[in-house]
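Q:
Chains as they are written, first to last, in the working numbering: chain H, 1 to 360; chain Z, 1001 to 1360.
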């Protein structure tokens, strides 16, 4: 009886501990996610961002959340991220929303829009001005969650071998510029071509094309365009290009709440950090270009050219908005927000920058 | 014997489980930190930032990291955060580094400097250009860690009842403007006064002062200055004011690695988010001011005035740098970085903003 009683107490304690232990075992379960990125291996800035995000998530979770990253050499589908994550072939992706315009036209608006918002304006729109909710509306029907994934900063208008002094100088000009900006360029008479990245330098050097647009100093420098084109024009087509993290909805829902929050915050910080790193590396690369190649000259398109490009952009956006109510809602939200936030930018950063002495 | 053997097996299992359970209990230990903020209760933007940070940290840690926040009505020492966190009276603080200039002169440079960097430029400097390392050098001797804690964006130059058309218009002008900017203003002849926030409106209305500088539209709107002063000048004195999180070093070292990372990333995200929220709320408030008070006019100081303020700033910074090698190192780092990054800002965001049509 005494023994049975002792055994009973031991058994009860055992049961209680088993319950405690199984809770801990569950809480300590390791979640392994696979992420496919559009970028090739060791891509500066963009590729660093996925690794930075994964490292923060792993450290914050004490190793419970592990994210393996496949670059495009592994999965062979740089522009198939949307489909692979939707199908659950990968849990996550890192890509640019506007690559999927052909499949889901409304994805376009969440990277950047010609004559749109700068990076700080766009982050304000995403997080406080309704942008996240609109992005969710576009991605939810595909069982995807989408989050801002890093900003390149204001992209440059491109490298030109001749100065552009009028709209006539653009007409018939052979230029590599992809996506929506390419459509706008075509509207004003540019002979738009697309050429694989590996052939860009030779094409520009041999005159197969007269001009091209890539990203900004940090990513343009290793391409070497500054050695064969003197005029580097300020941009209008991607004033704050944000890439995206995509997550399969079932993967997201399989994560406990703490890991969801760790993942959400790691992505958010990595995205902001990419903008800071882009600012840093663009400034370094621009300095280097100018030191090594004093012939490289910064230019802005004359007002006549900017007006024509702006009119073409507005025409095409109006056409898109007429096709679909959700497109109309997104375009309206961005235009209204831009007008409001730009007035503030104008009396703050713009007024301040305009009042400072020239540095060159 | 059988009973003893069964008991032995039970006891062994029990011991194993106890060991497992005690590990889990340790891992599940709740850390409760106390944070003192400079701000009063329910302060918009600044006070939201501490709560946002604490909420992220709690959720990411599954409740293991809990941060209680005391506003200034509780601790009664809005400008004593540095001392209280250093002494361990509080584990953490949320304040502006430059409030402690009188105690540790080098703290001044980590909030903002007249004619210094904008928020995106300064984040690039902090995280990629050596700023964090310099801030650590200043805070480490006080057993404090310091992290960026949120940016107000570009602060406005202030509310003036008369237009400023020349440097003579500033001479003898009675203006409330505290800190280093006040010293610069005094250099060009302004009669600088400091007045408690609660008396500012009445002082301006009754002409005890002719002008004042507060923050920007979002925090100026509730103060009501736009009802009694028509001229709202763009700023030069705080082009990207960053507040700070301070942490007591022993508190930091008492946290396990995963919670350190959770805290670090929560602070980093909350800081960036404050900049996005400031951008959003400043744009809303500026729109509201203009709609409700059409007499409110945006102004920029004439170049002559800006040149005088810039020369006075450079003179004072040179004086400070001569006093202490670490000051010289910080001033040199900021000036060199500004020159590099501003050249990039000028060909990207500034060129883009300058090319856009006026919105008013």
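Backbone N, C-alpha and C fix where the C-beta goes; we use that ideal spot for every residue, glycine too. Since the structure is predicted, the reported quantities are computational estimates derived from the model, not experimental observations.
Using three-state DSSP, classify residue 1163(Z) as helix, strand or coil.
A: Coil, per DSSP.
Q: Among residues of its own chain, excluding the 5 on either side of residue 287(H), which ones have a beta-carbon nearer than 7 Å to its beta-carbon?
A: Excluding positions up to five away in sequence, the list is empty.
Q: Going by other Cβ atoms of all chains shown within 10 Å of its Cβ, with 16 needed for buried, is residue 359(H) buried or exposed?
A: Per the 10 Å Cβ criterion, exposed.
Q: Who are residue 280(H)'s beta bridge partners in DSSP?
A: The partner list for residue 280(H) (beta bridge, DSSP) is empty, contrary to what the question assumes.
Q: Indicate the three-state DSSP secondary structure (helix, strand or coil) for residue 1449(Z) in the structure shown.
A: This structure cannot speak to residue 1449(Z), because chain Z is shown only from 1001 to 1360.
Q: Output, in chain order, the set of chain H residues within a Cβ distance shorter than 9 Å of residue 1322(Z).
A: Correct list: empty, because the minimum Cβ distance to chain H is about 24 Å.
Q: Could you work out which residues of chain Z lie near residue 175(H), taking near to mean beta carbons separated by less than 8 Å?
A: Correct list: empty, because the minimum Cβ distance to chain Z is about 19 Å.
Q: In terms of DSSP beta bridges, what is residue 243(H) paired with?
A: 150(H).
Q: At least one CB of chain Z closer than 8 Å to the CB of residue 346(H): is that the case?
A: Answer yes: the Cβ-Cβ gap between residue 346(H) and chain Z drops below 8 Å somewhere.
Q: With a threshold of 8 Å between beta-carbons, can residue 1060(Z) be considered close to chain H, or not?
A: True, the Cβ-Cβ gap to chain H drops below 8 Å.
Q: Which bits of chain Z does residue 355(H) rub up against, with CB to CB less than 8 Å?
A: Those within 8 Å of residue 355(H) in chain Z are 1234, 1236, 1300, 1301, 1303, 1306.
Q: When Cβ atoms are compared, which residues of the stretch 38–63 of chain H fall closer than 8 Å to chain Z?
A: The stretch 38–63 of chain H vs chain Z, Cβ under 8 Å: 56, 59, 60, 61, 62.
Q: Please report the straight-line C-alpha distance between residue 1293(Z) and residue 138(H), rounded to a whole angstrom.
A: If you take the alpha carbons of residue 1293(Z) and residue 138(H), they lie about 39 Å apart.
Q: What are the residues that DSSP puts in a beta bridge with residue 142(H)?
A: Paired residue(s): none; residue 142(H) is not in a bridge.
Q: Applying the criterion that 16 or more other CB atoms from any shown protein chain within 10 Å of the CB defines a buried residue, is residue 362(H) buried or exposed?
A: Residue 362(H) is absent from the model: chain H starts at 1 and stops at 360.
Q: Taking a contact to mean a Cβ-Cβ separation below 8 Å, would you say residue 1200(Z) touches residue 1176(Z) in this structure?
A: Cβ distance < 8 Å, so residue 1200(Z) and residue 1176(Z) count as in contact.
Q: Please report the distance separating the alpha-carbon of residue 42(H) from that of residue 56(H).
A: Each residue's Cα considered, the two are about 18 Å apart.
Q: In chain order, what residues of the same chain lie with their CB nearer than 8 Å to the CB of residue 1236(Z), ignoring the 5 residues before and after it?
A: 1114, 1115, 1157, 1301, 1306, 1309, 1310, listed in sequence order.
Q: Buried or exposed: residue 107(H), going by 16 or more other Cβ atoms within 10 Å of its Cβ?
A: Its Cβ being crowded by 16 or more others within 10 Å, residue 107(H) is buried.
Q: Determine the contact status of residue 282(H) and residue 198(H), defining contact as a CB-CB distance below 8 Å.
A: No, the Cβ-Cβ distance between residue 282(H) and residue 198(H) is not below 8 Å.
Q: Quick check: residue 1245(Z) and residue 1179(Z), are their CB atoms within less than 8 Å of each other?
A: Cβ distance not < 8 Å, so residue 1245(Z) and residue 1179(Z) don't count as in contact.
Q: On the CB-based measure, 16 or more other CB atoms within 10 Å of its CB, does residue 30(H) come out buried or exposed?
A: With fewer than 16 other Cβ atoms within 10 Å, it is exposed.
Q: Does the CB of residue 1252(Z) have a neighbour CB from chain H at under 8 Å?
A: Chain H contact via Cβ: absent.
Q: Within 8 Å, do at least three Cβ pairs link the stretch 31–51 of chain H to the stretch 69–85 of chain H?
A: Segments in contact, yes.
Q: In chain order, what residues of the same chain have a beta carbon less than 6 Å from the beta carbon of residue 1034(Z), not counting five sequence neighbours either side?
A: Around residue 1034(Z): 1068, 1090, 1091.
Q: Taking DSSP as the reference, what is the three-state secondary structure of residue 315(H)?
A: Here residue 315(H) sits in helix by DSSP.
Q: Should residue 1034(Z) be flagged as near chain B, meaning a C-beta pair shorter than 8 Å?
A: In summary, chain B is missing from the structure at hand, where the protein chains are H and Z.
Q: Leaving aside the five residues before and after residue 259(H) along the sequence, list all residues of the same chain whose C-beta is less than 7 Å from its C-beta, in chain order.
A: Correct list, in chain order: 31, 61, 64, 65.
Q: Do residue 1129(Z) and residue 1272(Z) have their CB atoms nearer than 8 Å?
A: Result no, Cβ atoms of residue 1129(Z) and residue 1272(Z) do not sit closer than 8 Å.
Q: In chain Z, which residues lie with their C-beta within 8 Å of the C-beta of residue 359(H)?
A: 1339, 1342, 1343, 1346, listed in chain order.
Q: Which residues in the same chain as residue 1193(Z) place their Cβ atom closer than 8 Å to its Cβ, once the five residues preceding and following it in sequence are excluded?
A: Hits under 8 Å: 1174, 1175, 1176, 1209.
Q: In chain Z, which residues lie less than 7 Å from residue 214(H) when you measure between Cβ atoms?
A: Those do not exist, as residue 214(H) stays about 14 Å from chain Z at its closest Cβ, beyond 7 Å.
Q: Between the Cα of residue 1316(Z) and those of 1219(Z), 1182(Z), 1252(Z), 1326(Z), spot the shortest distance and give me the residue it belongs to.
A: Looking at the Cα atoms, 1182(Z) is the closest of the given residues.
Q: By how many angstroms is the C-alpha of residue 328(H) removed from the C-alpha of residue 1276(Z)?
A: Roughly 25 Å between the two C-alpha positions.
Q: Residue 24(H) to residue 1147(Z), Cα distance in whole Å?
A: Note that residue 24(H) scores 49 on pLDDT, short of 50, meaning its location in the model is unreliable and no value can be drawn from it.
Q: Would you kindly check if the distance between the Cβ of residue 145(H) and the Cβ of residue 249(H) is under 8 Å?
A: The answer is yes: Cβ separation under 8 Å.
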